[in-house]
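A.B. asks:
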Amino acid sequence: MIRLQFTKFRFFIFLLMATVSAFCQEKSYQLNFSKDNISWIWLGRLNLNHQQGSKSLFFLNNDYNGNLFREIRLGNKWKDENKLQSGWQYHLNKTVQSTVMFHSHIFSDENANVEFRKYLVVEKLTYSPGKKIQVAPALGWAAENIYGFDDQGWYTQLDLDVHDYDLSGYINRSQARSSIYFFPGRRNQEHRYYTAFSKQFSKYAADSIRVGYEFRDNSYYISGGSNLENVESNSRFLYNRLQYNFSSKSDFEIETRLRTRDISQSNLSLLNHRKELDFLNRISFQHKGSTFQNGIAFITSQITNRTLRSNRRLAVSAGEKESRTDLTGLQSAFNIFSNWKISNNDQARLTFSYTKYEYTTPDTTQRIDEDDLRFMSHLTYRHRFSSYFMLELNANLYLYHQIYIHSERSANNNWNRIFQLAPAFHFRLFDRLQHTNRVKILANYTVFDFEEFLPEVRSYIHRKLIYTDSLSLRLTRGLKLVTIYELEKEDNGTFYQDIFAQQINRELKSHFLDLSLVYLRLRGLKLVTGLNWYWRREWSFLSATLGEERAMTRDYLAFSPRITLLYNLGKNLLLHLNFSRKMYRDINITRQYYS
């Protein structure tokens, strides 16, 4: 069973990582374990390169992820994944290199009921007739176990790599790769080709273009039976980038990107065919001065998806017609930014963007065609009063208009407006004291366009106030105090636009406090002891005969002490341990757990 194998493998891989460090010349490894109330997570990584002389190299790379999800009603659910790649390279002569490789991919997910094992042993010869050309044929044997079905077969691969090849002033980089798995009754293959040309005409002008094609044809076993599902895809892409600098401080750029893909998915009961188109154009200009830095960009893009779907079984028995789910998205965007260095103590930055998105579908039964308009603006201003004190002011504006084209859904047309103001005060006294106060005020309004024709008010408002105070104080040379306090107040409810009034439906108030002491006593040792306290209360407002009734719906209180240890065991080895106990209570609930 894969589950039993992973249970044994989990302890083996951690033991392996602990022992190989004694003889590795070039290595890196990482071991992580974390636990909370409902899950356990293991993480192990190992990268090893062992050079033997000037011709031989042994390498090993392993990534392991293990998850245990604990649920009282469903029981324990495991999810494990391990990827291993190891091999040995040997230079036969100056132009030929031999590489023997072993690949392994093991996956098991009890929650999704998916498990498989894949193994591959391959011998590759790399031939370099010149410094800029490489040809690498490979032959191997592959074995797979998917949903209990075992397959074995030959594996072939051919790689071609051309880099930095000069063609009449154009520098070319090309790559081609073809790989095929020959399994009984099925053949999985992948073919990719990519080429790029670039040229620097002068110190002011440059051009580059990339073209690529990819073909994939794979057959997979379907869970619950021995049937195969075939997925075939053809992908093509084109990318062009033209740069022209009017001066050493100005950049002009034109970018074009085109990608198309055809995907076919078929099994005994289903046939899907999908065509995708992604097209983008961008024109931008930037000026980089000593006082002002400005930029502007225009972007247009198009996304088109065409899907043809048919249920083979239903079509045969009931004569069902093929169904289509198509969409076309058109986007136009305009972006600007400006940085202004007013003085040595004053700086300002402004960004603005406008985006229009058009979404259409030929399916007249859905009636979901819509236009979206988005306006976003951000302003930042910083003023330094002295080397110890600085003021920072942030302001954000977000406007979003959703417009449904068909009258059947036009009642949902609405404006969403978000306003945010966030001043902050920073105080720093050398490395001994750092203190920051930050206030964030947010108002979020959603107003429907045709609310006067609706049977009830649907517009709503969401408001929030957050105050944060953070302090870092070095008490002694080896002891530091760090505190964080945060107050949050929030309410939301119905919004009456005509009289600009609100009827509160829900209210929230919370306090968060974190205190920690950081010890830097010993060389390479960092010990952190701390605790955090969190209190959250929520109320709902119910309409009553004589007015409104305020009822508490949540009274959550949590307390969590913790201890963290960081220790440098060596030049390239770090030990990190963290342990905490969390105790919390809510209305009629009291629990605790360790992590």
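For the sequence shown, this note's numbering assigns the number 2 to the initial residue and increments by one for each residue that follows.
Think of the CB as a built atom: it goes at the ideal place given N, C-alpha and C, for glycine as much as any other residue.
1. Specify whether the region 438-458 and the region 475-483 touch according to this definition: at least 3 beta carbon pairs, one from each stretch, less than 8 Å apart.
2. Find out if the Cβ-Cβ distance for the pair Ala-197, Ile-181 is shorter than 8 Å.
3. Would you identify the three-state DSSP class for Asn-112, choosing helix, strand or coil?
4. Where does Ser-408 fall in DSSP's three states?
5. Can the beta-carbon of Tyr-194 be found less than 8 Å from the beta-carbon of Tyr-214?
6. Taking Asn-94 as part of the beta strand (DSSP E), name the residues at either end of that continuous run.
7. Using C-beta distances below 7 Å, list every residue in its chain close to Leu-69, excluding the 5 sequence neighbours before and after it, in chain order.
8. Short check: CB of Thr-469 to CB of Asp-515, under 8 Å?
9. Do you know offhand how far Gln-86's Cα is from Ala-139's?
10. Suppose you measure from the CA of Val-529 to the CA of Thr-565; what does that come to, to the nearest Å?
11. Beta carbon of Thr-292, beta carbon of Lys-342: below 8 Å?
12. With which residues is Pro-138 paired in a DSSP beta bridge?
13. Here's a check: name, in chain order, each residue in its chain whose Cβ is nearer than 6 Å to the Cβ of Arg-464, leaving out the five neighbours to either side.
14. Buried or exposed: Thr-127, going by 16 or more other Cβ atoms within 10 Å of its Cβ?
15. Can you tell me where the beta strand (DSSP E) holding Ile-419 begins and where it ends?
16. Using 8 Å as the cut-off, can you tell me whether the region 411-418 makes contact with the region 380-394, which would need three or more C-beta pairs spanning the two stretches below that distance?
17. Could you tell me whether the region 199-207 touches the region 230-240, using the rule of 3 or more Cβ pairs below 8 Å?
18. List in chain order: all unbroken beta strand (DSSP E) runs of 3+ residues lying wholly within the region 164-224.
19. Use the C-beta contact count for Asn-589: other C-beta atoms within 10 angstroms, 16 or more gives buried, fewer gives exposed.
20. Measure the Cβ-Cβ separation of Phe-542 and Asn-506 and say whether it is below 8 Å.
21. How should Ile-462 be labelled, buried or exposed, when 16 other C-beta atoms within 10 angstroms of its C-beta is the threshold for buried?
22. Could you spell out the range, first to last residue, of the beta strand (DSSP E) harbouring Arg-350?
23. With a threshold of 7 Å on Cβ separation, who are the neighbours of Arg-586 within its own chain once the five nearest residues in sequence on each side are excluded?
24. Where does Phe-338 fall in DSSP's three states?
25. Is the distance from the Cβ of Leu-474 to the Cβ of Leu-466 below 8 Å?
26. State the beta-bridge partners of Ile-343 as determined by DSSP.
27. Give, in chain order, every unbroken run of the alpha helix (DSSP H) that is at least 4 residues long and sits entirely within the region 232-259.
28. Does the distance from the C-beta atom of Phe-238 to that of Arg-260 stay below 8 Å?
29. Apart from the five residues just before and just after Ala-137, which ones in its own chain have a Cβ nearer than 6 Å to its Cβ?
30. Confirm, please, whether the CB-CB distance from Gly-141 to Tyr-120 is below 8 Å.
31. Keeping to the same chain, check which residues put their C-beta closer than 6 Å to that of Tyr-486; ignore five residues upstream and five downstream.
32. Three or more C-beta pairs closer than 8 Å, one from the region 425-435 and one from the region 445-455: is that the case here?
33. Could you tell me the distance, in whole angstroms, from the CA atom of Phe-253 to the CA atom of Asn-282?
34. Use the C-beta contact count for Ala-552: other C-beta atoms within 10 angstroms, 16 or more gives buried, fewer gives exposed.
35. Whose CA, out of Leu-58, Ile-255 and Asn-295, lies closest to the CA of Ala-349?
36. Return yes when the Cβ of Trp-536 is within less than 8 Å of the Cβ of Ser-511, no when it is not.
C.D. replies: According to the structure data:
1. The region 438-458, when compared against the region 475-483, does not touch it at the 8 Å Cβ threshold.
2. no
3. coil
4. Reduced to three states, the DSSP call for Ser-408 is helix.
5. yes
6. Asn-94 -> no beta strand (DSSP E), and no H or E assigned at all.
7. Ser-40, Trp-41, Asn-77 and Trp-79
8. no
9. 16 Å
10. 5 Å
11. Taking C-beta atoms as the reference points, Thr-292 and Lys-342 count as a pair closer than 8 Å.
12. Leu-159
13. Ala-444 and Asp-492
14. Residue environment analysis places Thr-127 among the buried positions, since at least 16 neighbouring C-beta atoms fall within 10 angstroms of its C-beta.
15. 415-430
16. no
17. no
18. 171-184, 187-201 and 206-222
19. exposed
20. yes
21. buried
22. 347-361
23. Cβ within range, chain order: Leu-558.
24. DSSP places Phe-338 in strand when its eight states are reduced to three.
25. no
26. Ile-343 pairs with nothing; no bridge assigned.
27. none
28. yes
29. Lys-125, Thr-127 and Asp-160
30. no
31. Asp-470 and Leu-514
32. Result no; under three Cβ-Cβ pairs closer than 8 Å.
33. Distance between Phe-253 and Asn-282, taken at the CA atoms: about 14 Å.
34. exposed
35. If we check each option's Cα against that of Ala-349, Asn-295 comes out closest.
36. yes
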